[in-house]
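One structure below.
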Amino acid sequence: MNILNNYKVQFGIKKFFNDDFEFISTVNDSLSAFIWGADSVSRANQLLDSANRALSNPNPNSTTTYPAQSMMLVVIKKTTTRIYDEMDNYENPNHTPDFELPTSDFKVIVEAWRDYLVSRGK
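Numbering-wise (my numbering), the sequence shown opens with residue 821 and increments by one.
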């Protein structure tokens, strides 16, 4: 099974006020919004580096937190990536993540987004 198909990942361009904006659409709005925040190749590579570090870390309990400019937060562990729509939700032990997926899948989606941005000269 193809990971991008499983998450219904689509890339495209929307025009707002005569400007083109790249977008990503997935099965989950939180996943789409967080990855869309990495709107340049440089930012997408930073996010990809975080996923690669988590996957290659021998300690399965090691955690990388990656905040977005939008106040969203991703918590990347070796096996699982959790997305929180607000940092406050992460700090609240009674709040579950807004979306969760295997880190290996997260990496594939971020990699595809990065490659799309490269193809668009971003």
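Every residue gets a Cβ at the ideal spot worked out from N, C-alpha and C, and that includes glycine.
- One alpha carbon belongs to M892, the other to E931, and they sit about 20 angstroms apart.
- Note on geometry: alpha-carbon atoms of V829 and P913 lie some 30 angstroms from one another.
- Check the Cα spacing between N881 and each of S924, K897, S870 and A871: the tightest is with K897.
- Distance between V894 and V847, taken at the CA atoms: about 17 angstroms.
- Take N879, set aside five residues on each side of it, and the residues of its chain with a beta-carbon closer than 8 angstroms to its own are K898, in chain order.
- Secondary structure note for K835: its beta strand (DSSP E) is the uninterrupted segment Q830 to F836.
- Per the coordinates, the alpha-carbon of G832 lies some 16 angstroms from the alpha-carbon of A864.
- Residues A864 and L867 of the same chain have their beta carbon placed closer than 6 angstroms to that of A858, with the five preceding and five following residues left out of the count.
- Counting along the chain, the unbroken alpha helix (DSSP H) around V938 starts and ends at T923 to S939.
- For Y910, the enclosing alpha helix (DSSP H) begins and ends at M907 to E911.
- About 14 angstroms separates the CB atoms of A888 and F926; that is not less than 8 angstroms, and the two are not in contact.
- Secondary structure at V895: strand, using DSSP grouped into helix, strand and coil.
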